[in-house]
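*Asks:*
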Amino acid sequence: MEAVLRLAATAISDWLTLKPQFLERESRLLPLKILRYERLLSTNTTAYRLAEQSAPEWTVVVADVQTKGRGRGGNKWESPKGGLWFSILLRPNLPNPRLHLLQFLAATATRKAVENETALSVMLKWPNDLVLGNAKLGGILLESKTQGEKVSFAILGIGLNVNQGKAQLPPGAISMRLVSGKQHELRALLRAILDQIRSSFDELDHPSKIMQEWWSNCIHRPLRVQVTLPEDTVTGISRAVAEDGSLIIETDDHRIRKVNEGSLRILDD
Ligand code: BT5
Numbered sequence: 021m022e023a024v025l026r027l028a029a030t031a032i033s034d035w036l037t038l039k040p041q042f043l044e045r046e047s048r049l050l051p052l053k054i055l056r057y058e059r060l061l062s063t064n065t066t067a068y069r070l071a072e073q074s075a076p077e078w079t080v081v082v083a084d085v086q087t088k089g090r091g092r093g094g095n096k097w098e099s100p101k102g103g104l105w106f107s108i109l110l111r112p113n114l115p116n117p118r119l120h121l122l123q124f125l126a127a128t129a130t131r132k133a134v135e136n137e138t139a140l141s142v143m144l145k146w147p148n149d150l151v152l153g154n155a156k157l158g159g160i161l162l163e164s165k166t167q168g169e170k171v172s173f174a175i176l177g178i179g180l181n182v183n184q185g186k187a188q189l190p191p192g193a194i195s196m197r198l199v200s201g202k203q204h205e206l207r208a209l210l211r212a213i214l215d216q217i218r219s220s221f222d223e224l225d226h227p228s229k230i231m232q233e234w235w236s237n238c239i240h241r242p243l244r245v246q247v248t249l250p251e252d253t254v255t256g257i258s259r260a261v262a263e264d265g266s267l268i269i270e271t272d273d274h275r276i277r278k279v280n281e282g283s284l285r286i287l288d289d
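All residue numbers for the sequence shown refer to my numbering, where the first residue is 21 and numbers rise by one.
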């Protein structure tokens, strides 16, 4: 616990003063503890360390800048000032095979919160992207520590491009400001997203609801896509997401393929 306190003490502030009605509505969950840092390697890495040192569930780590922001499978995540980069420490009562539900729940909650706050219409792309127009607005990185089927903790990392200009974005990316023409308040966005995630948390008991809601806002529903897997490429119409989080594709020779990892590209033809 001492180590947790030491690490927490390096945060520059407890960022959010939550409105009273927000706190009243969520009495069943542990309170949020939000730690904001100016600069971290990765909020997921810091949240993971805090989790290993017994920090409580719903500890949230936010950084203005990440110098080693991470995507899936060792991908780099560009995280300059102007974006919202944060990770939530969770200790969900979920078996390992259901852990992916957190990622889909978080994507829907983030989409709704961004829409409510900014009136921008955000869509979802399998497996972990938030898109605006045809470009990548953000992504989710779910990491965990498990013992057999049991999840000790999960780190839900969310990255959103908010106020960056074109020069601060990698190819294929977009920020909220580039579309809205406005500067958005990071703190208000974070608060709205956390509020949505917490208020939809009970849905973890209803996997089909989570997956259906995700699918109804999926940008490639049902479009021709190509999914690149480590040793294979699958091309066809994306037809559905299964309860286990995999994407169901009807291939060009009318076979049904289920893919549970990979990078998806929407085909124009
Ligand atoms: C993701 O990975 O989309 C998950 C990104 C999660 C980032 C958050 S930020 C807070 C927390 N702390 C972390 O260290 N990570 C999480 P993936 O699907 O693998 O996509 C990565 C790819 O997106 C890269 O290979 C680039 O092509 C592209 N990319 C990199 N930075 C980007 C950005 N800022 N905006 C849009 N695309 C980006």
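Ideal placement from N, C-alpha and C gives every residue a C-beta, glycine not left out.
Predicted model, so just to flag it, every value in this text is computed and none were measured.
#1: Which residue spans inside the stretch 172 to 234 form an unbroken alpha helix (DSSP H) run of at least 4?
#2: Under the criterion of a Cβ to heavy atom distance below 8 Å, does Lys156 qualify as lining the ligand BT5?
#3: What do you reckon, are the CB atoms on Ala139 and Ile213 nearer than 9 Å?
#4: With a threshold of 8 Å, are at least 3 pairs of Cβ atoms found where one atom belongs to the stretch 177 to 185 and the other to the stretch 81 to 101?
#5: My output table needs one value for Arg131: the three-state DSSP class, helix, strand or coil.
#6: When the Cα of Leu109 is compared with those of Lys202, Leu198, Arg218 and Lys132, which residue comes out closest?
#7: Taking the alpha carbon of Trp105 as the point to measure from, which residue in Asp84, Lys88 and Leu50 has its own alpha carbon closest?
#8: With DSSP as the reference, please indicate the residues paired to Phe106 in a beta bridge.
#9: With a threshold of 8 Å, are at least 3 pairs of Cβ atoms found where one atom belongs to the stretch 141 to 156 and the other to the stretch 222 to 241?
#10: Which residues does DSSP pair with Arg118 in a beta bridge?
#11: Which residues in the same chain have their Cβ closer than 7 Å to the Cβ of Arg59, if we skip the five residues on either side of it in sequence?
#12: Mind checking which residues open and close the alpha helix (DSSP H) that includes Arg277?
#13: Within this structure, are the beta carbons of Trp78 and Leu55 separated by less than 9 Å?
#14: Count the other CB atoms within 10 Å of the CB of Pro227; is the residue buried (16 or more) or exposed (fewer)?
#15: Helix, strand or coil for Glu169, going by three-state DSSP, please let me know.
#16: Please classify Lys278: is it buried, with 16 or more other beta-carbons within 10 angstroms of its beta-carbon, or exposed?
#17: Over the uninterrupted beta strand (DSSP E) stretch that includes Ala11, give me the two end residues.
#18: Can we count Lys96 as close to the ligand PLP, meaning its CB is less than 8 Å from some heavy atom?
#19: Out of Ala71, Ser107, Phe124 and Ser74, which one is the CA nearest neighbour of Leu224?
*Replies:* On the basis of the supplied data:
#1: Taking only runs of at least 4 residues, the alpha helix (DSSP H) segments lying wholly in the stretch 172 to 234 are 196 to 200 and 206 to 219.
#2: Taking non-hydrogen atoms of the ligand BT5 into account, the C-beta of Lys156 is found less than 8 Å away from one of them.
#3: No. Outside cutoff.
#4: Segment contact: the stretch 177 to 185 against the stretch 81 to 101, three or more CB-CB distances shorter than 8 Å; contact assigned.
#5: In this structure, Arg131 counts as helix in the three-state DSSP scheme.
#6: Comparing Cα-Cα distances from Leu109 to each of Lys202, Leu198, Arg218 and Lys132, the minimum goes to Arg218.
#7: When only C-alpha atoms are compared, the closest one is Asp84.
#8: The beta-bridge partner set that DSSP reports for Phe106 consists of Val82 and Ile178.
#9: With the cut-off at 8 Å, the stretch 141 to 156 and the stretch 222 to 241 touch.
#10: Answer is none; Arg118 lacks a bridge partner.
#11: Here the set comprises Ala83, Asp84, Val85 and Thr87.
#12: Run containing Arg277: none in the alpha helix (DSSP H); it sits in the beta strand (DSSP E), Ile276 to Val279.
#13: In this structure, Leu55 does not lie closer than 9 Å to Trp78 by Cβ.
#14: Buried, since its Cβ has 16 or more Cβ neighbours within 10 Å.
#15: In the structure shown, Glu169 sits in coil (DSSP, three-state: anything other than H, G, I, E or B).
#16: Residue environment for Lys278: exposed (fewer than 16 other C-beta atoms within 10 angstroms of its C-beta).
#17: Limits of the chain in this structure are 21 at one end and 289 at the other, which puts residue 11 out of reach.
#18: In terms of ligand content, the structure shown lacks the ligand PLP and carries the ligand BT5 instead.
#19: Out of Ala71, Ser107, Phe124 and Ser74, Phe124 has the C-alpha closest to the C-alpha of Leu224.
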